[in-house]
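I have placed the structure first, in the form of structure tokens, so that the comments after it can refer back to it.
Residue numbers (my numbering): 853 to 952.
This is the structure we're talking about:
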């Protein structure tokens with residue numbers, strides 16, 4: 853089960869970071885668009901401003917989520933690789949690689 857990555861803490865942390873950041877971006881985009889639309893269309897627009905803000909979040913943030921996921925995955929993979937490389941040493945007497 854561990855080989856399949858089912859209990860991989862790195863995957864859990866990656867997703868946690870991505871979704872925490874995306875939650876903040878979604879809320880900021882929604883409320884920003886809602887405030888802007890209310891200012892332009894007026895307070896009497898009501899549902900129209902909410903619908904516009906929801907559409908903006910749905911359309912514009914899908915690529916942001918994909919980009920953010922790639923960034924977090926790349927940083928996580930490079931950190932994992934750096935820690936794995938640090939654990940390999942060369943035995944000076946025989947010239948063989950050893951895992952510490």
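Virtual Cβ for every residue (Gly too), placed ideally from N, Cα, C.
| Item | Value |
| --- | --- |
| Buried or exposed by the 16-neighbour rule on C-beta atoms within 10 Å, applied to residue 875 | exposed |
| Where residue 941 falls: helix, strand or coil (DSSP) | Bear in mind that a pLDDT of 49 at residue 941, under 50, signals an unreliable position, so the model cannot answer this. |
| Inter-residue spacing [alpha-carbon to alpha-carbon] between residue 923 and residue 902 | 31 Å |
| Range of the contiguous alpha helix (DSSP H) that encloses residue 884 | 861-893 |
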